[in-house]
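*Asks:*
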């Protein structure tokens with residue numbers, strides 16, 4: 001670490017320890033140094049704990065995310081109108097993989113879904129774990145990932161392939177064994193920079209601050225949701241939403257009735273090991289899933305359609321998704337996605 005970098009790092013840590021919030025620029029500069037390996041573990045620990053105890057601000061979250069985005073391996077194509085659907089995790093619900101299944105179904109509905117994810121951190125089966133069970137090559141290089149998006153409306157960006165600099169923070173993350181700012185960054189650092197986002201959070205208090213961060217990061221329209229203890233639109237209760245639209249934030253609540261589906265106990269969505277969740281996803285995609293499973297996926301895809309401007313009526317959207325799930329069209333999308341992910345990189349023009 002150079003002396004100027006050390007001085008800046010120490011100044012930022014001291015500023016945060018004094019209880020003062022960091023500006024976007026301060027957070028961006030600090031986390032740029034982190035992903036370069038220029039921050040000592042003790043200094044990173046001090047800053048993360050200080051932010052956690054006070055509560056991270058939108059500037060701090062967005063500044064850190066901006067640093068990680070800038071340092072990431074570039075995605076070869078910024079596809080207009082693309083959408084990501086993911087959550088922070090950490091809700092402890094251990095349901096089936098609703099958002100990952102919704103990504104595939106959304107692609108079958110015509111959405112351009114570019115999902116950014118990782119292996120499980122807080123549940124038994126993360127998005128990468130599920131897709132791997134389904135036979136998708138999660139390690140596909142960026143050019144191939146862009147090709148699958150063009151051809152199938154669906155792609156997956158495996159976070160460790162794009163964010164190598166995070167390795168410098170892993171010893172601290174592992175030692176703290178507690179939620180920190182890093183738990184919030186995953187959904188914000190998709191290298192494809194999607195225009196639209198359905199983002200689930202583990203705490204309703206995070207909805208507004210995460211929506212503010214998305215605004216600063218240039219997302220055009222998004223819903224940040226917390227569904228009765230879960231980090232997705234809930235089938236089992238009320239979903240709190242902070243919507244980002246036209247540069248403004250709007251907060252409201254939704255119930256299953258707003259989607260035209262029945263309130264269903266969370267226990268009906270219980271997941272298991274990756275193999276169990278893969279079986280549940282395959283059943284849904286093949287038109288044979290349990291009704292609660294299909295409804296849970298449908299309401300999340302309905303929200304995605306609304307966010308992306310492909311249908312403003314949530315009940316109509318939900319019904320359209322359920323009709324698709326009575327066929328095997330979504331399974332065909334998965335099959336194409338899986339097959340393409342296993343091919344060699346396409347030739348460059």
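Residue numbers (UniProt numbering): 1 to 349. Every residue gets a Cβ at the ideal spot worked out from N, C-alpha and C, and that includes glycine. Please read these numbers as outputs of a predicted model, since none were measured by experiment.
1) List in chain order: all unbroken alpha helix (DSSP H) runs of 4+ residues lying wholly within the UniProt domain "Glycosyl transferase family 3 N-terminal" (17–72).
2) Which whole runs of the alpha helix (DSSP H) in the stretch 112–190 are 4 residues long or more, in chain order?
3) Going straight from the alpha carbon of residue 36 to that of residue 248, what length do you get?
4) Are residue 330 and residue 285 closer than 7 Å when you measure CB to CB?
5) From 15, 40, 21, pick the residue whose C-alpha is nearest to that of residue 6; which is it?
6) Roughly how many angstroms lie between the CA atoms of residue 260 and residue 153, to the nearest whole one?
7) So the beta strand (DSSP E) residue 316 belongs to, where does it begin and stop?
8) From the DSSP secondary-structure annotation, give me the bridge partner or partners of residue 226.
9) When DSSP labels each residue in this structure, what does residue 198 get in the three-state scheme?
10) For residue 92, name the three-state secondary structure that DSSP assigns.
11) Once DSSP output is grouped into helix, strand and coil, what is the label at residue 276?
12) Buried or exposed: residue 53, going by 16 or more other Cβ atoms within 10 Å of its Cβ?
13) Where does the unbroken alpha helix (DSSP H) through residue 215 begin, and where does it stop?
14) Here's the rule I'm using: 16 or more other beta-carbon atoms within 10 Å means buried, otherwise exposed. How should residue 210 be labelled?
15) Just to confirm before moving on: does the CB-CB distance between residue 235 and residue 295 stay below 7 Å?
16) Within 10 Å of its beta-carbon, does residue 344 have 16 or more other beta-carbons around it, so buried, or fewer, so exposed?
17) In the DSSP output, which residue or residues are listed as bridge partners for residue 84?
18) Hey, would you say residue 320 sits closer than 7 Å to residue 198, going by beta carbons?
19) What does a CB cutoff of less than 8 Å around residue 262 pick up in its chain, not counting 5 residues either side in sequence?
20) What's the gap between the Cα of residue 184 and the Cα of residue 292?
21) Closest to residue 65 by CA distance: which of 205, 89, 31 is it?
22) Can you find at least 3 beta carbon pairs, one from the stretch 270–281 and one from the stretch 85–101, that sit closer than 8 Å?
23) Are the Cβ atoms of residue 192 and residue 75 separated by less than 7 Å?
24) CA-CA distance, residue 135 and residue 89?
25) Whose C-alpha, out of 115, 215, 186, is nearest the C-alpha of residue 201?
26) How many angstroms separate the CA atom of residue 311 from the CA atom of residue 318?
27) Can you check DSSP and say which residues form a bridge with residue 251?
28) Would you identify the three-state DSSP class for residue 302, choosing helix, strand or coil?
29) According to DSSP, is residue 103 helix, strand or coil?
30) Please say whether residue 336 and residue 432 have beta carbons closer to each other than 7 Å?
31) So for residue 262, helix, strand or coil by DSSP?
32) How is residue 308 classed by DSSP in three states: helix, strand or coil?
*Replies:* Per the coordinate set shown:
1) Fully enclosed alpha helix (DSSP H) runs of 4 or longer: 24–35, 41–54, 58–71.
2) 127–133, 142–152, 159–162, 170–176, 182–185
3) If you number the chain shown from 1, residue 36 lands on position 36. If you number the chain shown from 1, residue 248 lands on position 248. Looking at the two C-alpha atoms, the distance is approximately 34 Å.
4) For this step, residue 330 is matched to residue 330 along the chain shown. For this step, residue 285 is matched to residue 285 along the chain shown. Yes, Cβ-Cβ distance for residue 330 and residue 285 is below 7 Å.
5) Walking along the chain shown from the start, residue 6 turns up at place 6. For the residues 15, 40, 21, the minimum Cα distance to residue 6 belongs to 40.
6) Mapped onto the chain shown, residue 260 falls at position 260. Mapped onto the chain shown, residue 153 falls at position 153. Looking at the two C-alpha atoms, the distance is approximately 27 Å.
7) Mapped onto the chain shown, residue 316 falls at position 316. Not the beta strand (DSSP E): residue 316 falls in the alpha helix (DSSP H), residues 314–324.
8) The residue given as residue 226 occupies position 226 in the chain shown. The partner list for residue 226 (beta bridge, DSSP) reads 240.
9) Within the chain shown, numbered from 1, the residue matching residue 198 stands at position 198. Residue 198: strand per DSSP, three-state reduction.
10) If you number the chain shown from 1, residue 92 lands on position 92. Coil.
11) The residue labelled residue 276 in the question sits at position 276 within the chain shown. Note: residue 276 maps to helix in three-state DSSP.
12) Along the chain shown, read from residue 1 onward, the residue named residue 53 stands at position 53. It is exposed - the Cβ of residue 53 has fewer than 16 other Cβ atoms within 10 Å.
13) In the chain shown, residue 215 corresponds to position 215, counting from 1. Element bounds for residue 215: 206–216.
14) Residue mapping note: residue 210 aligns to position 210 of the chain shown, counting from 1. By the C-beta density criterion, residue 210 is buried, having at least 16 other C-beta atoms within 10 angstroms.
15) Reading the chain shown from its first residue, position 235 is the one you call residue 235. Reading the chain shown from its first residue, position 295 is the one you call residue 295. In this structure, residue 295 lies closer than 7 Å to residue 235 by Cβ.
16) By 1-based counting over the chain shown, the position of residue 344 is 344. Exposed: under 16 other Cβ atoms inside 10 Å.
17) Position 84 of the chain shown, counted from the first residue, corresponds to residue 84. Paired residues: 197.
18) Within the chain shown, the letter at position 320 stands for residue 320. Within the chain shown, the letter at position 198 stands for residue 198. Cβ distance not < 7 Å, so residue 320 and residue 198 don't count as in contact.
19) As a first step, residue 262 must be located in the chain shown, where it is residue number 262. The beta carbon of residue 262 lies closer than 8 Å to those of 256, 295 in the same chain, with the five residues before and after it left out.
20) As a working note, residue 184 is residue 184 in the chain shown. As a working note, residue 292 is residue 292 in the chain shown. Whole-angstrom Cα-Cα distance: 28 Å.
21) Against the chain shown, residue 65 aligns to sequence position 65. Ranking the options by Cα distance to residue 65, first place goes to 31.
22) yes
23) For this step, residue 192 is matched to residue 192 along the chain shown. For this step, residue 75 is matched to residue 75 along the chain shown. Yes, they are a contact pair.
24) Counting from 1 along the chain shown, the entry for residue 135 is found at position 135. Counting from 1 along the chain shown, the entry for residue 89 is found at position 89. The C-alpha of residue 89 is placed about 23 Å away from the C-alpha of residue 135.
25) As a position in the chain shown, residue 201 is number 201, starting the count at 1. Here the closest residue by C-alpha is 186.
26) For the purposes of this step, residue 311 is identified with residue 311 of the chain shown, where counting begins at 1. For the purposes of this step, residue 318 is identified with residue 318 of the chain shown, where counting begins at 1. Near 10 Å, if we compare the C-alpha coordinates of residue 318 and residue 311.
27) The residue labelled residue 251 in the question sits at position 251 within the chain shown. The partner list for residue 251 (beta bridge, DSSP) reads 242.
28) Reading the chain shown from its first residue, position 302 is the one you call residue 302. DSSP places residue 302 in helix when its eight states are reduced to three.
29) Working through the chain shown from its first residue, we reach residue 103 at position 103. Note: residue 103 maps to helix in three-state DSSP.
30) Beyond the ends of the chain as shown, which are 1 and 349, falls residue 432; an answer cannot be given.
31) On the chain shown, position 262 is the one that residue 262 refers to. Residue state, collapsed to three classes: coil.
32) The residue given as residue 308 occupies position 308 in the chain shown. Reduced to three states, the DSSP call for residue 308 is coil.
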